[in-house]
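Enquirer:
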Amino acid sequence: MSATTKISVNSLSDLKNTTDDALPNYLTSLRFRQSHSKTDVRLALGFSAVAIAGTLFYFDWKHGWDVTKPYTLPAVIAYFVLNTVFTAWVYLVEGGSVFEGEGKSGRIKISSSVKKHIPIYNLSVTFQPTPYSSNPPQTIKIRAPFTRWFSSDGYFIAKPFQQWLASEIPVVGAADPSKVVEEIGRGNQSEAERVLNVGSGNVLEVLEQLKRGAGVSGVEAAGGRRRKN
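Just so you know, the working numbering puts 280 at position 191 of the sequence shown, and the rest follows in order with no gaps.
1. How far does the beta strand (DSSP E) with Ile229 in it reach, from first residue to last?
2. If you draw a straight line from the C-alpha of Thr215 to the C-alpha of Lys158, how long is it?
3. Ordered along the chain, which non-local residues of its own chain (more than five positions away) have a Cβ less than 8 Å from that of Val174?
4. With a 10 Å radius around its C-beta and 16 neighbouring C-beta atoms as the bar for buried, classify Gly153 as buried or exposed.
5. Please work out which residues of its chain come closer than 7 Å, Cβ to Cβ, to Gly262, disregarding the five sequence neighbours upstream and downstream, and give them in chain order.
6. Taking only the alpha-carbon atoms, compute the straight-line gap between Arg196 and His206 and give it to the nearest angstrom.
7. Measuring alpha carbon to alpha carbon, tell me which of Arg232, Pro218 and Pro163 ends up nearest Ala264.
8. What did DSSP end up calling Ile246 once you bin it into helix, strand or coil?
9. Quick one: using the 10 Å Cβ neighbour count with 16 as the cut-off for buried, is Thr236 buried or exposed?
10. Pick from Asp110, Ser118 and Ser102: whose alpha carbon is nearest that of Lys193?
11. Could you tell me if Glu359 is buried or exposed, where buried requires 16 or more neighbouring beta carbons within 10 angstroms of its beta carbon?
12. Alpha helix (DSSP H) containing Asn99: first to last residue?
13. Report yes if the CB atom of Gln252 is closer than 7 Å to the CB atom of Gly190, and no otherwise.
14. So, under 8 Å CB-CB, Leu116 and Phe169 are touching, yes? Tell me the CB distance rounded to an integer number of Å.
15. If Val179 and Leu101 are in contact, beta carbons under 8 Å, what's the gap, nearest whole angstrom?
16. Considering only the alpha carbon of each residue, which of Gly185, Phe146, Ile96 and Tyr160 lies closest to Thr128?
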């Protein structure tokens, strides 16, 4: 989904998918080279399963059941094995991966997730700054409300999202120092924590903040306090 497309702020999947699309676009603009090896494996598994099903259908239609009967059971088994491996690959290996690549400032791997009914964007980030010989890989977990970069009418606002990434992830900040804003980093973590702690009774209140445009101008905490400007 394009980051310039208007979405429904009531749809958590649209919020996540639009943000997921914007993240690699931003990193590649900073000359991070994205690795597509895991995607290639997933596509190979998917196409192989489809090819088996399609080939079996063609020969059955062309030559009839008597000719294709000996090949049907092995083909069905191979199809289900490939689909099982495909599912395991998506959930266990890729695990919500949004971006994996390398730039002048270091390597980076990012996975995203959301919790049901909670409009918070969660990232698990593994990075290794250059030089690699003296900087071991590190993993951090960051999160922020979608209200920070979505307008009240459902449009994605790139700058606050990019500032959040650059301020929270060292190798991104090193690649784009102009986007690093000190107060967006750890100082706003408490805001995300307060929104994360909302109960089922006020989840709708958080979504209402999205519709009122609270994100780009500031979001109310769960306890009803407003962030000071």
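C-beta: ideal position from N, C-alpha, C; glycine also.
Expert: In terms of the structure at hand:
1. For Ile229, the enclosing beta strand (DSSP E) starts and ends at Gln227 to Pro234.
2. The straight-line gap from Cα to Cα measures roughly 50 Å.
3. Scanning its chain for C-beta atoms nearer than 8 Å, with the 5 sequence neighbours on each side dropped, one finds around Val174 the residues Leu134, in chain order.
4. By the Cβ-count criterion, Gly153 is exposed, with fewer than 16 other Cβ atoms from all chains shown falling within 10 Å of its own Cβ.
5. Closer than 7 Å at Cβ, skipping near neighbours: Ala255, Ser256 and Val269.
6. Using only the alpha carbons, I get a separation of about 32 Å.
7. Looking at the Cα atoms, Pro218 is the closest of the given residues.
8. Reduced to three states, the DSSP call for Ile246 is coil.
9. That one is buried.
10. Per the Cα distances, Ser118.
11. Absent from the model: residue 359. The displayed extent of the chain is 90 to 318, so no value can be given.
12. Here Asn99 belongs to no alpha helix (DSSP H), and DSSP marks it neither H nor E.
13. Taking 7 Å as the Cβ cut-off, Gln252 and Gly190 do not qualify as a contacting pair.
14. Cβ-Cβ separation between Leu116 and Phe169: approximately 37 Å, too far for a contact (criterion under 8 Å).
15. Between Leu101 and Val179 the Cβ distance is about 20 Å, and since that is not below 8 Å, they are no contact.
16. Ranked by Cα distance from Thr128, the first of Gly185, Phe146, Ile96 and Tyr160 is Gly185.
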